[in-house]
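The sequence shown runs -18 to -1, 1 to 88 under mature numbering (1 follows the signal peptide of the UniProt record, and there is no 0). To start, the structure itself, in structure tokens.
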Amino acid sequence: MRHVLAIAFLLAATAAEAETCQVIGNQVVCDNGMSGQRIGNNTYWSDGTSSQQVGRFTYNSDGTSSQQIGSHTYYSDGTSSQTIGNTTTFSDGRSCRRIGNQIYCD
């Protein structure tokens, strides 16, 4: 789920079902009840976890991480994604698209 929310801030979802998130300033609110708030390089999620962006790396409090290289993001679980324009496509076939302040994921 953090991958979806990361897209909101980095234009970089891991949810198995369709969802929509709205970005308002440093806040993200998703229709599945998940939300996050970015303060500096840290993002605090409504499930009690957090993440920190350091350069091209993102470190999550649950021990997972990701690395962005160009338009590709590589996740510590072995998956990856590529962002072209406003669409991010994940290695498992899912995708998310940002339109204005809305993010739509399938």
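The beta carbon of each residue, even a glycine, is placed where N, CA and C say it ideally should be. Given the structure is predicted, the values throughout are model-derived calculations rather than measurements.
Query: First through last residue of the beta strand (DSSP E) which encompasses residue 155; Result: The structure shown does not extend to residue 155, since the chain is modelled only from -18 through 88, so no value can be given for it.
Query: Rounded C-alpha distance that separates V36 from N8; Result: 17 Å
Query: Selection from N24, C3, T55 that minimises the alpha carbon distance to N14; Result: C3
Query: Cβ neighbours of S48 in the same chain (closer than 6 Å, five flanking residues each side left out); Result: T40, T55, Y57
Query: Cα-Cα separation between I21 and D74, rounded to whole angstroms; Result: 30 Å
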